[in-house]
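A.B. asks: Protein chains in written order, with this note's numbering: chain A, -10 to 144; chain L, 1020 to 1127.
Here a beta-carbon is modelled for each residue, glycine too, at the ideal position from N, C-alpha and C.
1. Using a C-beta cutoff of 7 Å, does residue 66(A) count as contacting chain L?
2. If the criterion is Cβ atoms closer than 7 Å, does the pair residue 114(A) and residue 77(A) meet it?
3. Tell me the rounded alpha-carbon separation between residue 1076(L) and residue 1084(L).
4. Short of 6 Å in beta carbon distance, which residues of its chain neighbour residue 68(A), apart from the five on each side in sequence? Order them along the chain.
5. Just how far apart, CA to CA, sit residue 1118(L) and residue 1103(L)?
6. Please classify residue 137(A): is it buried, with 16 or more other beta-carbons within 10 angstroms of its beta-carbon, or exposed?
7. Going straight from the alpha carbon of residue 31(A) to that of residue 1026(L), what length do you get?
8. When you compare only the Cα positions, how much space is there between residue 1107(L) and residue 63(A)?
9. Within a Cβ cutoff of 6 Å, which residues of the same chain sit near residue 85(A), ignoring the five residues on either side of it in sequence?
10. Just how far apart, CA to CA, sit residue 12(A) and residue 1078(L)?
11. Please report the residue range of the alpha helix (DSSP H) in which residue 1103(L) lies.
12. Which residues, in order along the region 1077 to 1099 of chain L, keep a beta-carbon less than 8 Å from a beta-carbon of chain A?
13. How long is the line joining the alpha carbons of residue 23(A) and residue 1022(L), rounded to whole angstroms?
14. Using a C-beta to C-beta distance shorter than 8 Å, which residues of chain L count as neighbours of residue 133(A)?
15. Residue 7(A) to residue 1028(L), Cα distance in whole Å?
16. Taking 8 Å as the limit between beta carbons, can you name the residues of its chain near residue 132(A), skipping five residues before and five after?
17. Could you check which residue in -7(A), -1(A) and 19(A) has the C-alpha nearest to that of residue 104(A)?
18. Establish whether the CB of residue 145(A) and some CB of chain L are separated by less than 7 Å.
19. Could you list which residues in chain L have their beta carbon closer than 8 Å to that of residue 23(A), in chain order?
20. Would you tell me roughly how many angstroms separate the C-alpha atoms of residue 1122(L) and residue 1115(L), rounded to the nearest one?
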């Protein structure tokens, strides 16, 4: 799949950072506002897929390989399960919220409309799941687009 | 034959649309969670979702005091039902692994 016209490339590269910022905002405020790791990761992966459609899969594959994306996805999964296991070690239960009112960051209790420094382990799990979802979804789209472009070249 | 099918489709569409319109008219009024079946009730929706203070014992209760998170849905997804999220993450991991295996680059 080759790239599209210059207009599409310019507009998508202009909109790309805003989509990225919106997705990371949804991930970072997952414990305060609607959204979370899954939704924000899907937004970021959609922005990356927009760049993929505009510039073509061969151009994108020269810049980021699917192996790097699968490393990021595995890091997110390991972070998620590791946070749950740290709950087992420090708190006594799997998925225990063990840094609430104990650690240095994300340790405050939420009272009323609260700030971002609350909710213990939930924002960290949001980050892990967001990393996992954005890398995983973009890896799926990238690999499938690249395979179809290879098939067109062979014909 | 085709006209009979069209008539059945129109009647079915009318019945389903009637149900949808009636349920849209019977839905909760927006911005007034205390109204149940047209009558004002004491309990607020925030008391069930976020929490409040128990008047007899004086202790706070609810999702906000149990998990520390403002967003009750996120506290369900990552705290009360963490195993469900673990399963979802496993589903995504399996999907990515399958697609990577299916579309891998072969060396000729």
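C.D. replies: In short:
1. Residue numbering aside, residue 66(A) sits at position 77 when the first chain is read from its first letter. Closer than 7 Å to some Cβ of chain L, the Cβ of residue 66(A) qualifies, so yes.
2. Start at 1 with the first residue of the first chain, and residue 114(A) comes out as number 125. Start at 1 with the first residue of the first chain, and residue 77(A) comes out as number 88. No. Outside cutoff.
3. Counted from its first residue, the second chain places residue 1076(L) at position 57. Counted from its first residue, the second chain places residue 1084(L) at position 65. Between residue 1076(L) and residue 1084(L), the C-alpha separation is close to 15 Å.
4. Walking along the first chain from the start, residue 68(A) turns up at place 79. Closer than 6 Å at Cβ, skipping near neighbours: 117.
5. The residue you call residue 1118(L) lines up with position 99 of the second chain. The residue you call residue 1103(L) lines up with position 84 of the second chain. Spanning the two alpha carbons is a distance of roughly 23 Å.
6. Numbered from 1 along the first chain, position 148 holds the residue referred to as residue 137(A). By the neighbour-count rule (16 or more Cβ atoms within 10 Å), residue 137(A) is not buried but exposed.
7. Translated into positions along the first chain, residue 31(A) becomes position 42. Translated into positions along the second chain, residue 1026(L) becomes position 7. In a straight line, the C-alpha of residue 31(A) is about 42 Å away from that of residue 1026(L).
8. Sequence index remark: in the second chain, residue 1107(L) carries index 88 (1-based). Sequence index remark: in the first chain, residue 63(A) carries index 74 (1-based). Whole-angstrom Cα-Cα distance: 14 Å.
9. For the purposes of this step, residue 85(A) is taken as the residue at position 96 of the first chain. If we look at residue 85(A) and ignore the five residues flanking it on each side, its Cβ neighbours are 76.
10. Position 23 of the first chain, counting from 1, holds the residue named residue 12(A). Position 59 of the second chain, counting from 1, holds the residue named residue 1078(L). Their backbone Cα atoms lie some 37 Å apart in a straight line.
11. On the second chain, position 84 is the one that residue 1103(L) refers to. Its alpha helix (DSSP H) spans residues 1101 to 1121.
12. 1083, 1084, 1086, 1087, 1088, 1089, 1090, 1092, 1093, 1094, 1096, 1097 and 1098
13. Position 34 of the first chain, counted from the start, is the residue given in the question as residue 23(A). Position 3 of the second chain, counted from the start, is the residue given in the question as residue 1022(L). Cα to Cα, residue 23(A) sits roughly 47 Å from residue 1022(L).
14. The residue given as residue 133(A) occupies position 144 in the first chain. Per Cβ cutoff of 8 Å: 1118 and 1122.
15. For the purposes of this step, residue 7(A) is taken as residue 18 along the first chain, with counting starting at 1. For the purposes of this step, residue 1028(L) is taken as residue 9 along the second chain, with counting starting at 1. Cα-Cα distance, rounded: 45 Å.
16. Residue 132(A) sits at position 143 when you count from the first residue of the first chain. Cβ neighbours of residue 132(A) beyond the five flanking positions: 55.
17. Against the first chain, residue 104(A) aligns to sequence position 115. Nearest of -7(A), -1(A) and 19(A) to residue 104(A), Cα basis: 19(A).
18. In this structure chain A extends from -10 to 144, so residue 145(A) is not present and cannot be described.
19. For this step, residue 23(A) is matched to residue 34 along the first chain. Under the 8 Å cutoff, chain L gives 1090 and 1092.
20. What you label residue 1122(L) is simply residue 103 of the second chain in a count that begins at 1. What you label residue 1115(L) is simply residue 96 of the second chain in a count that begins at 1. In a straight line, the C-alpha of residue 1122(L) is about 11 Å away from that of residue 1115(L).
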